[in-house]
Amino acid sequence: MSEFNLSKLYRGYIACLNTQDWSKLRDFVGEDVKYNGQRIGLPGYREMLERDFREIPDLHFEIQMLVCEPPHIASRLHFDCTPIGMFLGLPVQGKRVEFCENVFYEFGDGKIQQVWSVIDKAAIESQL
Numbered sequence: 327m328s329e330f331n332l333s334k335l336y337r338g339y340i341a342c343l344n345t346q347d348w349s350k351l352r353d354f355v356g357e358d359v360k361y362n363g364q365r366i367g368l369p370g371y372r373e374m375l376e377r378d379f380r381e382i383p384d385l386h387f388e389i390q391m392l393v394c395e396p397p398h399i400a401s402r403l404h405f406d407c408t409p410i411g412m413f414l415g416l417p418v419q420g421k422r423v424e425f426c427e428n429v430f431y432e433f434g435d436g437k438i439q440q441v442w443s444v445i446d447k448a449a450i451e452s453q454l
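Under this note's numbering, the first residue of the sequence shown carries the number 327, and numbering increases by one thereafter.
This is the structure in structure tokens:
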């Protein structure tokens, strides 16, 4: 898959998340997807995302940086949101916070097969 096509596919995935169009998630994510080294499968991945949107009703994924070298993508995602309760073990309780997530993806057969994610928890802590 070319860099252009992989980048376009990834941007479609982010749009799918932002619209919470869970029926289309399988167009972007493999059935046996792994998250931070653990196989959670497509159902577990969807559950994780749905939980994120329940806990952060105004969640919106904004791509700040995108590096594409097939079959991998590295992305820096920016968030400006208000988690309603505890978030990453922190008592955010409806306070607006800004933070970033650095995420690496491995694609296979045109879908995300592995995801490695690191959220900047220190940025959230400094705002509380």
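In this text, a Cβ means the ideal position worked out from N, Cα and C, and glycines have one as well.
If we count the other Cβ atoms within 10 Å of its Cβ and call it buried at 16 or more, is residue i buried or exposed?
i, result
"Val-359", "buried"
"Val-393", "exposed"
"Ile-389", "exposed"
"Gly-436", "exposed"
"Pro-369", "exposed"
"Arg-415", "What sits at residue 415 in the sequence shown is Gly, not Arg. That one is exposed."
"Leu-458", "In the structure displayed, the chain extends from 327 to 454; residue 458 sits before or after that span and is not available."
In terms of residues, what are the limits of the alpha helix (DSSP H) holding residue i?
i, result
"Ile-450", "447–451"
Sort out for me which residues DSSP pairs residue i with in a bridge.
i, result
"Lys-360", "Arg-365, Gln-440"
"Leu-332", "Leu-332 pairs with nothing; no bridge assigned."
"Cys-407", "Val-423"
"Met-412", "Pro-417"
Ends of the beta strand (DSSP E) at residue i?
i, result
"Ser-349", "Taken as a continuous stretch (DSSP letters only), Ser-349 belongs to no beta strand (DSSP E), as it is neither H nor E."
"Phe-354", "Counting along the chain, Phe-354 falls outside any beta strand (DSSP E), and DSSP gives it neither H nor E."
"Val-423", "423–434"
* **beta strand (DSSP E) runs wholly inside the region 374–403, at least 3 long, in chain order** => With a minimum length of 3 residues, the continuous beta strand (DSSP E) runs that stay inside the region 374–403 are 388–395.
* Asked: Between the region 331–339 and the region 407–416, do at least 3 Cβ pairs fall closer than 8 Å?
  -> Contact between the region 331–339 and the region 407–416 is absent, with fewer than three C-beta pairs closer than 8 Å.
* Pair every Cβ in the region 378–385 with every Cβ in the region 349–364, then say whether three or more of these pairs are closer than 8 Å. => Taking a contact to require three or more Cβ pairs closer than 8 Å, the region 378–385 and the region 349–364 do not qualify as touching.
* the region 416–425 touching the region 336–345, judged by at least three CB pairs closer than 8 Å -> Touching, no.
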